[in-house]
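Report on one structure; see the data block that follows.
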Amino acid sequence: MDLSLSTRTVGDRTVVEVGGEIDVYTAPKLREQLVELVNEGHYHLIVDMEGVDFLDSTGLGVLVGGLKRVRAHEGSLRLVCNQERILKIFRITGLTKVFPIHSSVDEAVAATD
1 MDLSLSTRTV
11 GDRTVVEVGG
21 EIDVYTAPKL
31 REQLVELVNE
41 GHYHLIVDME
51 GVDFLDSTGL
61 GVLVGGLKRV
71 RAHEGSLRLV
81 CNQERILKIF
91 RITGLTKVFP
101 IHSSVDEAVA
111 ATD
């Protein structure tokens with residue numbers, strides 16, 4: 001399966017909607033998108049993972065790299081996910097302590113940094 005990406009702005013946040021699989025083959029596409037957004041001055045990102053079917057360690061690495069990039073600009077990276085199989089990966093790796101994870105884009109937009 002391929003990876004689909006789209007972006008939109010909600011208030012002062014940029015939402016990246018991700019669909020499909022984030023793995024060793026597709027993660028570079030997500031990395032490029034996050035780097036491009038930060039380079040364009042978008043430092044408050046929300047990655048909507050509701051459409052993600054699979055996430056591996058390469059995908060986790062891309063998300064951590066994105067978080068480091070926005071934090072270098074006093075920004076934030078929030079995740080939207082309520083799929084148990086994906087949330088389990090964040091719990092097992094301890095990344096629930098690193099990423100704010102929300103159940104909806106609206107909740108993530110309303111959250112303060």
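Residue 23 in the UniProt record's numbering sits at position 23 of the sequence shown, with consecutive numbering throughout. We treat Cβ as the ideally placed atom computed from N, Cα and C, and that holds for glycine.
query                                                                                                 : result
D12 and H44: beta carbons closer than 8 angstroms?                                                    : yes
In the DSSP output, what is H102 paired with across the bridge?                                       : V80
When burial is assigned at 16 or more other CB atoms within 10 Å of the CB, is E61 buried or exposed? : It should be noted that the sequence gives Gly, not Glu, for residue 61. The residue is exposed, with fewer than 16 neighbouring Cβ atoms inside 10 Å.
With DSSP run on the structure shown, which of helix, strand or coil describes G51?                   : strand
State the Cα-Cα distance for the pair S57 and R71, rounded to the nearest angstrom.                   : 21 angstroms
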